[in-house]
Structures are given as structure tokens and as C-alpha cells.
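Note that this note's numbering gives residue 218 to position 28 of the sequence shown, counting from 1, and the numbers run on in steps of one. In this text, a Cβ means the ideal position worked out from N, Cα and C, and glycines have one as well. This one's a predicted model, so the numbers in the text were calculated from it and none came from an experiment.
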Amino acid sequence: MTVAFVSISTVGVGFGLTFYLYERFYVDNQKDLLLLQGRNLEAVYQEEGNSDLFQERLKWVNEDSEAEALFVQNPMKLSASLPYEPSVSESFINFEERQQLLQGETVTLVRQHAVIEQDILAVAVPLLEGDRLSGAIFLYMPLDDVYQPFESIRYILLGVMGLILLVTFWGGRKVANQLVLPLRKMEAASKKMAGGDFSKRIHVSSTDEMGSLASSFNQLAKSLEEVEENRREFLQNVSHELRTPLSYMRGYTEAIMEGDVEDAEKEKYIRIIHQETDRLTRLVHDLLDLAQLEGDSYPMRLEPIPFAQLVHDVVDRFRLRLSQKEIPLKLDLDEEAVIEGDPDRLEQVFSNLLDNALRYSEKGQLIEVKMVQKEGKTVLVIKDHGKGIPVEDLEKITDRFYRVQKSRTREAGGSGLGLAIVNQIVTKHGADITFRSTLQEGTEVSVVFDSLEMD
Ligand SMILES: Nc1ncnc2c1ncn2[C@@H]1O[C@H](COP(=O)(O)OP(=O)(O)O)[C@@H](O)[C@H]1O
Ligand SMILES: [Mg+2]
């Protein structure tokens, strides 16, 4: 709407102005022409007086140009009806103009002619003999004649104006569409997004600002979609993880309550219920941990840590489980290594990794833990000779709830949150973690920290 209005008014004003200026210019030109003819006649009169030559010149002007020329001996006779009825008394020129003539000044005027009822453009040149006004030359043309050429020009101009209007209107609409259409689409899409539908994308092929806005919008929509997808998946996983132990517990308690279970069986059931409660407790604990780590609410409490000591402490807690599974542990630690970190969190990292090594190894398979310092880094390596991880799973292993072959590992007891937690903590320490694994041969996990230089 505004575009239409602006283009119409611009073109309108432009043409109006052109037309007005052109008209002014043309009318001025005609006026000058009349004046020039008047001056020429005046010159002849000054030379020859009211002679035959002068009259002949007067005739020429009458016949050869659009102007009518008239010689009046008594200027007072320039009356309203001139030139048709000189007798009509009312003066064509008014008092002031007559005074001007008497003083020898040329008079130009545009006025209605009483008899022909037309506007005329007129020039009156006084003829002076010494101080005395002896007569006047009166040249005039009907304004119709002046304006005649404009009739055709007006139509041409109007036509061109219409054409330009059409073009601007059409072009304006196109431009507006190019601008407005993608915005409209974005508006519609963002409304859908507010309602939870993130599937809409904006198709804009242009490379201008609108194009880059649209692609940013699409990126936003894509990441929102991913966040939403993530959230849904997470909820599904959580509820699944909760449901399984709960259904076990329900099943076994019901069996016990019905009463027809032998005592030995009963004890076994109760042990399973206890295990499942443990699992639930760990799961809830891990979930809370992960939520804290993923949010920024719990920053790391960084302090210098003698890293080997921390590893020894954790290993001590694993001794019983290691000996139960008859797994030998080879420790090779640089006792000098000091890093900066949160001791509780780093214990969590190492115990999770050691737990995996133990959990996914068979009876008697060696686990090696090595810590070396090189080039300002402290590298902790946990290597087992267990079942290993398939290559295609390696990169997803730190995802929440991700487990290789879910059924295989459920018996082993993991929920798939351990490495997600490890990854979060490692990242928050500015450290790097890498997994290398070969199926049936074993897994090697390296965590690289910055060494803390002690002075
Ligand atoms: N040392 C390892 N050897 C073999 N598989 C492993 C090892 N560490 C992790 N995995 C695989 O990665 C999955 C994710 O590990 P994690 O996040 O610790 O979850 P879980 O609670 O199952 O231990 C495990 O379920 C297991 O399949
Ligand atoms: Mg684990």
C-alpha cells in the first residue's frame, strides 16, 4: 500500500512539475516572441513613422505569425473589445497599464477578452515621439493558440506517466514481495515453532541480507529441533530406565506376597529387589549429577592435585572387586605429576573408567593404568583386554544412555550415563579424552590434562 502511494505521488509530482515548468517556459517564450516583434515594429516606426512600410510590416506580422498586430494611434482607444470593435468604450487595458504606456514602459498581460471570450496573451509597446506618446503597437494571440501544442504533449505525458506508474507499481510489488514474502513465511514458521513444531524451513535462494537472515532462521529452527528431539529422547530413556527395575521389583514382591514361594527362592528374590533398588539409586544419582554438570550451576572447584595419589585411592576401593574377578592390575604412575582440578570430580572420572574396564573384561584379563608426563601434559591411560567396542559405536559412547548392545550390558549393570558424566567433567577441566578399541582385544582410554608446573 505505502509503496503504491509513494510511487504514485512521486511520479505525479514529477510530471506535474515538468509540465508546469515546460508550460511556463513555453508561454514565456511566446511572450518574448511577441515582445521581439513589437520591438522590431517599434524600430520601423521610429525610422519611418506611420508609413506604408510600417503598415506593410504590420501586415506581415499578422499574416506570417500566429500573433495579431495592431497599431493604435491613440493609446486611450485600446479598449476591451479590441480589435473587433474599437468603439466599445470600456478600456481593454486598465488605468495603471495605461499609465505605464504613457511613461514609455512596455506592458504584457494575460486576460479574458470581452468579445471573443477567450484568454489572450498580449504585449503593448508604446511609441514615443520625444516625450509624447504618439501611439502603441498592440500584439496579441489567443491563449488557446499558446496552449495548443500542450494538448498533444499533455496526452503523451499522461500516457508516459501511466506507463511509468504501471512499471513502478509492478516493480514495487515485486520488490515488496521479495522482501515481505520471506518475512511472512518466517512469521508463520516462528508461530509454529512457538507451538512446538520445528520442522518448517524457509526457502530463499537470494544471497542478500534476506537470504542470510533466512539461513540463520533455518539454523535456529534446526538447533531448536535438535534440542527438542534430544529432550524427547532423554525423557524416553529415563522413563525406560526407571520402568525396568520397577517392574522387576513389582514382579518379585507380588510373588513373595502370594506366599507360595519357598524360603530359598524368597531370599533370592529379595536379593534381586535389593539390587534393583541399588540400580535405581545409582541411576537417580547419576541423572542428578549429569543435570548439574550440563547446567553451569556447579562450577569446578579447582585446586592442585597430586594425581598419582588420587589414582591410588580409587584403586584401593576397587581391590575387592578386582580380586573377586581375579583381574591383575598393573600400575605405572609418575608420582610427581600434579594437575589442577576438582578432586571429587576427577575421582569420579577415574573410577568410572576403571569400573568400565573391570565390568567389560572377562575373568583374569589384565588391566593396566599408566600415568606419564610429557611436553607439559599429564596423560592418564586405562587399558583393558576385555571385549572391546565396535568401531561404529566408538563415537557415540559418551552419549547419555548409550550402551553397546543394550541387552548385553544390562546384566553387567550399567545405565549408560557413566561416560556422559566423564565426558562432561573432562571437558570442564579443559582436558581431552580419546577412546581406542579393538573388538575382543580390549579398550584403551587416554585422558590428557595440562600439567601444573610447581615452582
Ligand atoms: N572398557 C570398555 N570395554 C568395552 N565396552 C565399554 C568399555 N567402556 C565402555 N564401554 C561401552 O560403552 C557403553 C557406555 O559406557 P558407560 O557410559 O560407562 O555406561 P555403562 O553404565 O553401561 O557402563 C557401555 O555400555 C559399554 O557398552
Ligand atoms: Mg560405565
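- Determine the closest residue to L225 out of P316, Q614, E246, L353, with distance taken between C-alpha atoms. P316
- Item | Length of the line joining the Cα atoms of R440 and R433 | 10 Å
- Query: Using a Cβ-Cβ distance under 9 Å, would R344 count as near chain D?
  - Reply: Included in the structure is just one protein chain, with no chain D present.
- Message: Going by C-alpha to C-alpha distance, which of D534, K573, P533, A527 sits closest to D545?
- Response: K573
- Task: Could you check which residue in D583, D640, L607, I611 has the C-alpha nearest to that of F625?
- Result: D583
- Item | Which of helix, strand or coil DSSP assigns to T633 | Correct three-state label for T633: strand.
- DSSP on S700, reduced to helix/strand/coil? Here the chain comprises residues numbered 191 to 645, so residue 700 is not present and cannot be evaluated.
- Query: Once you ignore the five residues that flank E493 on each side, which residues in its own chain have a CB closer than 8 Å to its CB?
  - Reply: If you ignore the 5 residues before and after E493, its C-beta comes within less than 8 Å of the C-beta of E530, G531, D532, P533, all in its own chain and listed in chain order.
- Task: State the Cα-Cα distance for the pair K515 and G386, rounded to the nearest angstrom.
- Result: 50 Å
- Report buried or exposed for S551, applying the criterion of at least 16 other Cβ atoms within 10 angstroms of its Cβ. buried
- Message: Looking at ligand 1, does it come within less than 8 Å of L609, judged from the CB to the closest heavy atom?
- Response: Because some heavy atom of ligand 1 lies under 8 Å away, the Cβ of L609 counts as near it: yes.
- What are the boundary residues of the alpha helix (DSSP H) that K456 is part of? 453–484
- Item | Cβ neighbours of L347 in the same chain (closer than 8 Å, five flanking residues each side left out) | Shown here for L347: same chain residues with a beta carbon closer than 8 Å to its own, the five before and five after excluded, namely F205, T208, F209 in chain order.
- Roughly how many angstroms separate the alpha carbons of Q563 and L521, rounded to a whole number? 15 Å
- Message: Considering Cα atoms alone, identify which of E431, N252, L231, G608 is closest to F244.
- Response: L231
- Quick one: is K412 buried, meaning 16 or more other Cβ sit within 10 Å of its Cβ, or exposed? Here K412 is exposed. Its C-beta has fewer than 16 other C-beta atoms within 10 Å.
- Residue range of the beta strand (DSSP E) that includes D522: 519–523
- Message: Using 8 Å as the cut-off, can you tell me whether the region 357–376 makes contact with the region 392–402, which would need three or more C-beta pairs spanning the two stretches below that distance?
- Response: yes
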